[in-house]
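Taking the numbering used here, the leading residue of the first sequence gets 459, the next gets one more, and so forth. The C-beta atom is built at its ideal place from N, Cα and C for all residues, glycine as well. For reference, the structure discussed in these notes is given below.
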Amino acid sequence: MVSKTFSDHCPPTTDHFTFMTVRVRFAPSPTGYLHIGAARTALFNFLFARKTGGKFLVRVEDTDLARSTEESTRSIFEGLEWLGLNFDEEPVFQSANATAHRDAALRLIANGKAYRDFTPKEEHAEGKVKQDIAERARRDHAEGIDHRANACRDLTTEESDRRAADGEPFAVRLKVPVNGSSHFEDMVYGEQTRDYSEIEDLVLLRSDGHPLYNLSVVCDDIAMNITHVIRGQDHLTNTHKQILIYKALETNVPRFAHLPLILAPNKAKLSKRKHGEVVSLTTYRDRGFLPEAFVNALVLFGWSPPDEHEIFTFDELIKQFDLEHIHRSNAVFNFSETDARLWTDQKAQFINAEYVRTMPFENLLPYIQSELESVGLWRDEYAGERRAWFEATVNLIRERFYTLKDFSGQGRAYFADDFPFDAAAVKKNLKKDERLRELLPALAEKFSSLEPFTHDATEAAMREFCEHHAVKVGVIANAARTALTGQAVGASMFHVFESIGRERAIKRLRDATSLI
RNA sequence: GGCGCUAUGGUGUAAUUGGUUAACAUGCAGCCCUCUCAAGGCUGAGAGUACGGGUUCGAUCCCCGUUAGCGCUACCA
Numbered sequence: 459m460v461s462k463t464f465s466d467h468c469p470p471t472t473d474h475f476t477f478m479t480v481r482v483r484f485a486p487s488p489t490g491y492l493h494i495g496a497a498r499t500a501l502f503n504f505l506f507a508r509k510t511g512g513k514f515l516v517r518v519e520d521t522d523l524a525r526s527t528e529e530s531t532r533s534i535f536e537g538l539e540w541l542g543l544n545f546d547e548e549p550v551f552q553s554a555n556a557t558a559h560r561d562a563a564l565r566l567i568a569n570g571k572a573y574r575d576f577t578p579k580e581e582h583a584e585g586k587v588k589q590d591i592a593e594r595a596r597r598d599h600a601e602g603i604d605h606r607a608n609a610c611r612d613l614t615t616e617e618s619d620r621r622a623a624d625g626e627p628f629a630v631r632l633k634v635p636v637n638g639s640s641h642f643e644d645m646v647y648g649e650q651t652r653d654y655s656e657i658e659d660l661v662l663l664r665s666d667g668h669p670l671y672n673l674s675v676v677c678d679d680i681a682m683n684i685t686h687v688i689r690g691q692d693h694l695t696n697t698h699k700q701i702l703i704y705k706a707l708e709t710n711v712p713r714f715a716h717l718p719l720i721l722a723p724n725k726a727k728l729s730k731r732k733h734g735e736v737v738s739l740t741t742y743r744d745r746g747f748l749p750e751a752f753v754n755a756l757v758l759f760g761w762s763p764p765d766e767h768e769i770f771t772f773d774e775l776i777k778q779f780d781l782e783h784i785h786r787s788n789a790v791f792n793f794s795e796t797d798a799r800l801w802t803d804q805k806a807q808f809i810n811a812e813y814v815r816t817m818p819f820e821n822l823l824p825y826i827q828s829e830l831e832s833v834g835l836w837r838d839e840y841a842g843e844r845r846a847w848f849e850a851t852v853n854l855i856r857e858r859f860y861t862l863k864d865f866s867g868q869g870r871a872y873f874a875d876d877f878p879f880d881a882a883a884v885k886k887n888l889k890k891d892e893r894l895r896e897l898l899p900a901l902a903e904k905f906s907s908l909e910p911f912t913h914d915a916t917e918a919a920m921r922e923f924c925e926h927h928a929v930k931v932g933v934i935a936n937a938a939r940t941a942l943t944g945q946a947v948g949a950s951m952f953h954v955f956e957s958i959g960r961e962r963a964i965k966r967l968r969d970a971t972s973l974i
């Protein structure tokens, strides 16, 4: 009896896949940009593969012809590349396997595990599908109708074959056992049970011949030899249906690990329509996040390390990562749509800043280079004869930066002679004291003969200068900061002098008088 | 409506699986440092663990109920 084998299925801790090389996949559907939730799923799969010495694969689930776009596919691959999640084999495009999926469904009819359903397709109004389903379920329940009752299930083979041969359209449905229940051990959520009475005979093939999601996933996972399915928790209850298909196909069932979801601040599902660009991975790249930092931030949603360290390199992460410490409750991505400072999760911002200011210079250099290149400020000598200066300057300014964008924004005055003056800074530091009109050029004059032009030398010279003119060091330092960088805030002025250099410092001190 | 999953400061997460003044990070406030702003150091506010019942000498942890959120319930993925 088929139902008996189903009911008895309960995977032991060590199963068929335990001794095989781990093979996991990331299976996005290309219907938009790469969502941060999907990115995290990809990351967890990747980490698990690297951790276990297994393979990380990608399968593009492009079976929804209407919604899938090439542009989306491209952005998904770009996103994976940006994050550094390199896959091990050629990506699989699910649409290419439709024939195999259809054949599998037909095979199931042949051996009696599935049947043709000649009932005409139910049409659902656009956008009302969820409502329709809930309503139908409610109505059936109220009227005592068994939603599983389907006259076609018990059609004789002869009649079924005849009607099919006559050209009558049919969908293919899996025969779900009438009695018993489905069980599996989720690696995150633990023992899962679902009564077969809760599962309708699911459609494998549409009447137009197109295979449906559950069939396609299972077939492809079998074809790709997937050992562990790591995906969002929204598939937790679907898993029972998929296991039914595995059993019908008489293949081994992989292990499952479902991940908690990442929610919006109001605990609603994170969606582009409602939440905009915060959910798109490309936003983070475009706003100056370091992929290493974003990975670090992302991994903390739904997983936590055994110890309390939260900042780690990719290699440390691979070493530390495990399925055991994945959380079961959904996480909320904390941001505000009204406060620009809180445009995205604050902790993610902190982690990015932490990386910007502490990452080894050599690792950061390529990112800064491409940032400066994007605004036309990169010069090859920064990697050559002026490398020491460049490194010292970067180390000086990155201390108070949050993103890569700051190198071309706040940091512009270090790499360009044309830079904007912050109006508030000019008002506060330059216009405040009339004497600066004479003092700034005087300081420039003093600097012109100063040798060497270093942090210590400029400090000594300036302190002496201030004493001589009976003016507070702070007044001159702040005025100089605005004159040299256009800003009210920044690094210690003596370091700034040294970095900007004598020529540029003198010129900027003199030019600033026009602003006073 | 049915079924399933989840519930610890604002947010992300800990709590050796029943014994802690409920911990860490972020964010917030203050102080120190100081030429500004960060960083850093120090201090502080912020949860009695969704709510209500049990079990127990003792529950964040186990059980039941309620509530809320999420998911599934499709010839979507």
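Only exposed fits residue 842, as fewer than 16 other CB atoms lie within 10 angstroms of its CB. In terms of Cβ geometry, residue 911 and residue 959 form a close pair [threshold 9 Å]. For the pair residue 538 and residue 664, the Cα-to-Cα distance works out to about 32 Å.
Taking a C-beta distance under 9 Å as the contact criterion, residue 653 and residue 639 qualify as a contact pair. Taking each of 937, 896, 907 in turn and checking the Cα distance to residue 927, the smallest one comes out for 896.
For residue 761, the beta-bridge partners assigned by DSSP are 784. Per DSSP, reduced to three states, the secondary structure at residue 688 is strand.
Scanning the stretch 675-731 from its first residue to its last, the whole beta strand (DSSP E) runs of 3-plus residues come out as 686-690, 713-717. Excluding its 5 nearest sequence neighbours in each direction, residue 486 has C-beta neighbours in its own chain below 6 Å: 496, 534, listed in chain order. Take residue 694, set aside five residues on each side of it, and the residues of its chain with a beta-carbon closer than 8 Å to its own are 644, 647, 650, 716, in chain order.
In this structure residue 825 is in contact with residue 748, their Cβ atoms being roughly 6 Å apart against a cut-off of 8 Å. Residue 921 sits in a helix when the DSSP states are folded into three classes. For residue 575, no alpha helix (DSSP H) encloses it; the enclosing beta strand (DSSP E) starts and ends at 572-575. Assigned with DSSP and collapsed to three states, residue 562 falls in helix. DSSP lists 663 as the beta-bridge partner residues of residue 669. By the C-beta density criterion, residue 844 is exposed, having fewer than 16 other C-beta atoms within 10 angstroms. In the pairwise beta carbon analysis, the stretch 510-526 is classified as not touching the stretch 721-733: fewer than three pairs are separated by under 8 Å. Listed in chain order, the beta strand (DSSP E) runs fully inside the stretch 507-557 are 513-518, counting runs of at least 3 residues.
Straight through space, the alpha carbons of residue 656 and residue 625 are spaced by roughly 32 Å. Here residue 607 is not near residue 574, since their CB atoms are 9 Å or more apart.
Residue 941 sits close to residue 973, with the two beta carbons spaced by under 9 Å.
Shown here for residue 948: same chain residues with a beta carbon closer than 8 Å to its own, the five before and five after excluded, namely 855, 858, 868, 939, 954 in chain order.
Selection 802, 861, 847 evaluated against residue 816 yields 861 as nearest (Cα-Cα). Contact check for residue 676 against residue 720 fails: the beta carbons are separated by 9 Å or more.
Between the alpha carbons of residue 767 and residue 718 lies a distance of about 21 Å. With a cutoff of 9 Å on beta-carbon distance, residue 515 and residue 560 are scored as not near each other.
Taking every protein chain shown into account, the CB of residue 586 has fewer than 16 other CB atoms within 10 angstroms, so this residue is exposed. Residue 679 sits buried, since 16 or more C-beta atoms from the chains shown fall within 10 Å of its C-beta. Our two residues, residue 590 and residue 584, have alpha carbons roughly 10 Å apart in a direct line. In this structure residue 700 is buried. Its beta-carbon is surrounded by 16 or more other beta-carbon atoms within 10 angstroms. Straight through space, the alpha carbons of residue 726 and residue 863 are spaced by roughly 31 Å. Within its own chain, the residues whose Cβ lies closer than 8 Å to the Cβ of residue 908, once the five positions on either side in sequence are excluded, are 915, 916, 919, 960, listed in chain order. Closest by C-alpha distance to residue 812, out of 526, 529, 881, 752, is 752. Looking at the DSSP output, residue 481 shares a beta bridge with 513.
Residue 563 places its beta carbon less than 9 Å from that of residue 630. The C-beta of residue 603 has fewer than 16 other C-beta atoms within 10 Å across all chains shown, which makes the residue exposed.
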